[in-house]
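Counting along the sequence shown from 1, when you hit position 306 you're at 306 in UniProt numbering, and nothing is skipped either side. Heads up, the beta-carbon is just placed ideally off N, CA and C, and yes, glycines get one too. This structure is a prediction, so every number in the text was calculated from the model and none was measured.
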Amino acid sequence: MNPESFAAGERRVSPAYVRQGCEARRAHEHLIRLLLEQGKCPEDGWDESTLELFLHELAVMDSNNFLGNCGVGEREGRVASALVARRHYRFIHGIGRSGDISAVQPKAAGSSLLNKITNSLVLNVIKLAGVHSVASCFVVPMATGMSLTLCFLTLRHKRPKAKYIIWPRIDQKSCFKSMVTAGFEPVVIENVLEGDELRTDLKAVEAKIQELGPEHILCLHSTTACFAPRVPDRLEELAVICANYDIPHVVNNAYGLQSSKCMHLIQQGFSGTVGPMGKVSLGLLFLLPHFIIHARCFSDADSVLEGARVGRIDAFVQSLDKNFMVPVGGAIIAGFNDPFIQEISKMYPGRASASPSLDVLITLLSLGCSGYKKLLKERKEMFVYLSTQLKKLAEAHNERLLQTPHNPISLAMTLKTLDGHGDKAVTQLGSMLFTRQVSGARAVPVRNVQTVSGHTFRGFMSHTDNYPCAYLNAAAAIGMKMQDVDLFIKRLDKCLNTVRKEQSRAGAVTDDSKAEAADVEEMALKLDDVLGDVGQGPTL
């Protein structure tokens, strides 16, 4: 209601009461005005009434909600089901135009504003999470794999001779298929075992670049968040290599936004140091954090840091559902160079669904910065708690928690006592956990072989051909609660005991069978001796 409406209302209801109602509405409108002016996630979350007022105000700006609108085109925001219309808050036109997913739609000013505000809030949260230098981002209504494909297709036009993508191995199908779908040949770089951890083989990466030739390589495709015992790639060093050879660098940060360590890696990957001949020095790279701390003491610190940023990361992609607890179907493509990120958005063909943008907008406005930071803090606490409890359980079953200090989200415990009975016992444990409603845990055998898009991976799921032992994964992701950890540990304990009892019974049966077989063999030998004596007969 506008001031004229409130004035009209005063003729029917006491003006004092109307003014009180008007002030209450202004409180909601004040929050909305601050959001539109600043484009930042509010510190405190909004209540549902403010959220619904905001969404309603945006929706009535779209032509499909105009009173008396007459649509004569093929796409006029018509919806057959009222339930579907309510599910989408009557945002029917989607986002973008046929040539650019970030463009404004003349028919849908409200949806366009929703899209712009969402991208602005997400950019604010990425900075809050640790990548302070990020320049641009946009929400795309595709999951991580297809969003990576969009990045690769954009780079194709910049590097017409390229046919390869350098990819430190991570056994996850969608990121491998993202490269194949884009029409490129993944060059798999095997990881190296350091202690229990699987880490990036930097020498192999650089050797392969020199072998293939930088002009024939589309980009380097690295990974942050991953399943232990693999750990995030050495992003800083890889970014330096990419800068030295002038090769684009795309980071799969699928569920790394919730981890300050993963986000710090991305920020530092963008921050190298200049060495001789204008190249980036790997040795000096590790001095940078110390230099930054002292550089902040000077008034020209920003310009100093800007000159130091010569590591190369062109884009990093993160999932919406894994980091913001919204339905599957959206991702964020972000980077340090605004023109390049805009090129990616223009590569998206056609308009797009507004659902992922709407979901994350509602979520961020509901949580506020303080609410999201609280979730990030709780996740770190759950990681420590899960680590402690899983270590105790492992030791109780003569196993151990793998030492993977560079992985801030995923943990793994050995399954050596099951591995001795082959892959069957390991996979049986995974099945038992799933049927007991434990989701997300992965029982990984060591002899699994799988072909993905024509490439055969040995030891698939373990990120290497020959990991020393089978193991079980569990992750402390955003939203996990202490009761989730306790219930998981309790059910895992029961499943391990059950599997071992079945193994013992099977072993006992095998021993009995061996004993029976030995008795039969002995009887057969005695019978042969007797028959042999009879067959010889008396000597004449």
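| Asked | Found |
| --- | --- |
| Decide if residue 70 is buried, meaning its Cβ has at least 16 other Cβ atoms within 10 Å, or exposed. | exposed |
| If distances are taken between C-alpha atoms only, which option among 335, 152, 393, 392 comes closest to residue 131? | 335 |
| Taking the straight line between their C-alpha atoms, what separation do you get for residue 470 and residue 500? | 15 Å |
| Three or more C-beta pairs under 8 Å: does that hold for the region 244–257 against the region 97–114? | no |
| Among all the DSSP beta bridges, which residues are the ones paired with residue 194? | 197 |
| Helix, strand or coil: how does DSSP classify residue 252 here? | strand |
| Assuming residue 18 is part of the alpha helix (DSSP H), what are its boundary residues? | 15–38 |
| When you compare only the Cα positions, how much space is there between residue 231 and residue 312? | 20 Å |
| What are the residues that DSSP puts in a beta bridge with residue 413? | 401, 472 |
| When you compare each of 256, 40, 360 to residue 326 by their alpha carbons, which one comes out closest? | 360 |
| Which one or two residues does DSSP pair with residue 451 in a beta bridge? | 456 |
| If you check the beta carbons only, do residue 241 and residue 164 fall under 8 Å apart? | no |
| Excluding the 5 residues flanking residue 460 on each side, which residues of the same chain have their C-beta closer than 7 Å to its C-beta? | 171, 448, 449, 450 |
| What distance in whole Å lies between the Cβ atoms of residue 366 and residue 542, which are believed to be in contact at a cut-off of 8 Å? | No statement about residue 542 is possible, as the shown extent of the chain runs from 1 to 540 and does not include it. |
| Ignore the nearest five residues each way along the sequence and tell me which others in residue 121's own chain have a CB closer than 6 Å to its CB. | 41, 364 |
| From the DSSP output, read off the bridge partner residues of residue 188. | 167 |
| For residue 9, which of helix, strand or coil comes out of DSSP? | helix |
| Residue 64 and residue 73 look like a contact to me (Cβ under 8 Å); what is the Cβ gap, rounded to whole Å? | That belief does not hold up - the Cβ atoms of residue 64 and residue 73 are roughly 11 Å apart, past 8 Å. |
| Where residue 53 and residue 36 are concerned, what is the direct C-alpha to C-alpha distance, given to the nearest angstrom? | 14 Å |
| Roughly how many whole angstroms lie between the Cα atoms of residue 374 and residue 129? | 12 Å |
| Which value, in whole angstroms, describes the spacing of the CA atoms of residue 422 and residue 413? | 17 Å |
| Taking CB distances under 8 Å as the criterion, tell me whether residue 158 reaches chain C. | Protein chains in the displayed structure number just one, and chain C is not present. |
| Determine the burial state of residue 13: buried for a count of at least 16 other Cβ atoms within 10 Å of its Cβ, exposed for fewer. | exposed |
| If we count Cβ pairs, one from each stretch, closer than 8 Å, do we get three or more for the region 336–356 versus the region 136–156? | yes |
| Under 6 Å Cβ to Cβ from residue 401, same chain only, skipping five residues before and after it: list those, please. | 390, 391, 394, 413 |
| Can the beta-carbon of residue 208 be found less than 8 Å from the beta-carbon of residue 452? | no |
| Quick one: grab the DSSP three-state call for residue 4. | helix |
| Looking at the secondary structure, which residues open and close the beta strand (DSSP E) in which residue 427 lies? | From DSSP, residue 427 is part of no beta strand (DSSP E) but of the alpha helix (DSSP H) over 423–435. |
| For residue 314, does the three-state DSSP call read helix, strand or coil? | coil |
| Locate the beta strand (DSSP E) running through residue 140, then write down its first and last residues. | 136–140 |
| Just the C-alpha distance for residue 20 and residue 356, rounded to the nearest angstrom, thanks. | 37 Å |
| Which residue comes first and which comes last in the beta strand (DSSP E) that contains residue 226? | From DSSP, residue 226 is part of no beta strand (DSSP E); its letter is neither H nor E. |
| In three-state DSSP terms, what is residue 444? | strand |
| Using DSSP with H/G/I as helix, E/B as strand and the rest coil, what is residue 379? | helix |
| Can you grab the Cα-Cα spacing for the pair residue 153 / residue 315, in whole Å? | 13 Å |
| Closest to residue 225 by C-alpha separation, out of 81, 258, 190, would be which residue? | 258 |
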